[in-house]
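Under our numbering, the first residue of the sequence shown is numbered 33, with each subsequent residue one higher. Worksheet for the structure shown next.
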Amino acid sequence: MILYLARRLLALAGVLLAIAAVTFLIFYVLPADPAAAACGKTCSAERLADVRTYLGLDQPLWRQFADFLTGIFTGRTLGTGQYAVRCDFPCLGYSYENSLPVWDLLMDRLPVSASLAVGAAALWLVLGLGAGVTAALRKDTATDKALMVGAVAAASLPVYFTSVMLIYGVIRVAGLLPYPTYQAFTDNPPGWAANLLLPWTALALLYAAMYARQSRGSMIEAMAEPYIRTARAKGMPERTVVVKHGLRSGMTPILTIFGMDLGGLLAGAVITESIFGLPGIGRLFYGALVSSDQPVVLGVTLLAAFFIVVANLVVDLLYAVVDPRVRYS
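Laid out in structure tokens, this is it:
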């Protein structure tokens, strides 16, 4: 297991390095000029040259990438002389829009996106797995058909439609909840949950529908295995057979898609955050795209890649916990 973990960590580092290189090339090789974006529309030629030198864009491309990587791990100094600015570890540069460190912007928005992602994930796992397992255990019955029809209908609704309908029905018409305004969990736990309930629901309805269909198929396949018949023949309680043997075996594909989905949402849900006005990473990313704030876009891209590859690593390790056959193999 230690050797396996070491290999996966090396592979993780290699993937992140490759993503950093590709993303860096995309933003610094395309015709768009980062120096012009940082300098502004009314920038003179002399000022543009100064900005190019300040950002290190007058250096060879390999040197720029090396400085960028060095800044992530050790920090770096931008500019020289009296205009030098120290960018502390981990340095992802400064925003062109407000001159703030990109890392600080990401860490300021991360609690919002993490709250949205974790809450929605918990909700869609309960709804999706509950519906999928119930449908699998009642295969070809009216309950199974009703649950799957509902899952297909929910999966067909785009998240922006569901979000708008929830705002209109729950907030505007019924007045049951306030319009979402993010509150930190440590400041007001009930207010934190109340303000995120609708965004959680909007995301959970979409994902729960997909998880219900996936878990139904996995459970049907698992419950048809010979060891299930053996467990029943030994007189084990049906709940033990379903949960300990069937559900654990059927969870492997669910873990795979869950790691990808959660990792992606941790880097921001652009549509959901924008509709509900949540100041998360997704909304920051959208604003950076609109204003061509390249350091912020680059920082969000790298953060998203980090979450996804780490989620994949965690999922691979959880395979051995959920399914003993993985450990033996």
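Note that CB positions come from ideal geometry on N, CA and C, so glycine has one too.
The count of Cβ pairs closer than 8 Å, one atom from the segment 158-171 and one from the segment 244-257, reaches three, so the stretches are in contact. Contact between residue 239 and residue 156 holds, since their C-beta atoms are separated by about 4 Å, short of 8 Å.
Comparing alpha-carbon positions, the option among 289, 102 and 193 lying closest to residue 49 turns out to be 102. With a cut-off of 8 Å on Cβ pairs, the segment 327-342 is in contact with the segment 122-139, counting three or more such pairs.
Within the same chain, Cβ atoms closer than 6 Å to the Cβ of residue 297 are found at 149, the five residues on either side in sequence being excluded. Distance between residue 58 and residue 51, taken at the CA atoms: about 10 Å. The residue from 339, 263, 310 and 350 with its alpha-carbon nearest to that of residue 292 is 339. Membership of residue 109 in the beta strand (DSSP E) is indicated by the continuous run 108-110. Counting the other Cβ atoms within 10 Å of the Cβ of residue 197 gives fewer than 16, which makes it exposed.
Distances from the CA of residue 284 to each of 335, 266 and 344 were compared; the closest alpha carbon is that of 344. Residue pairing by DSSP places residue 118 opposite 109 in a beta bridge. The Cβ neighbour count for residue 233, taken over all protein chains shown within 10 Å, is at least 16; the residue is labelled buried.
Excluding the 5 residues flanking it on each side, residue 336 has same chain C-beta neighbours closer than 6 Å at 299, in chain order. Measuring C-alpha to C-alpha distances from residue 87 to each of 186, 44, 77 and 71 identifies 71 as the nearest. Annotation: residue 128 is outside any alpha helix (DSSP H) and is labelled neither H nor E by DSSP. The segment 256-265 makes contact with the segment 273-282, as at least three CB pairs between them are under 8 Å. In the three-state scheme derived from DSSP, where H, G and I count as helix and E and B as strand, residue 66 is classed as helix. Residue 231 counts as buried, since at least 16 other C-beta atoms from the protein chains shown sit within 10 angstroms of its C-beta.
Shortest Cα-Cα distance from residue 241 to any of 269, 188, 210 and 332 involves 188. By alpha-carbon distance to residue 208, the top candidate from 229, 36 and 259 is 229. For residue 319, the enclosing alpha helix (DSSP H) starts and ends at 313-322. Under the three-state reduction of DSSP, residue 222 is assigned to helix. Between the C-alpha atoms of residue 270 and residue 258 there is a straight-line separation of about 15 Å.
The Cβ-Cβ distance between residue 307 and residue 128 does not fall below 8 Å.
Apart from sequence neighbours up to five positions away, the residues of its chain that approach residue 315 with a beta-carbon distance below 6 Å are 305 and 306, ordered along the chain.
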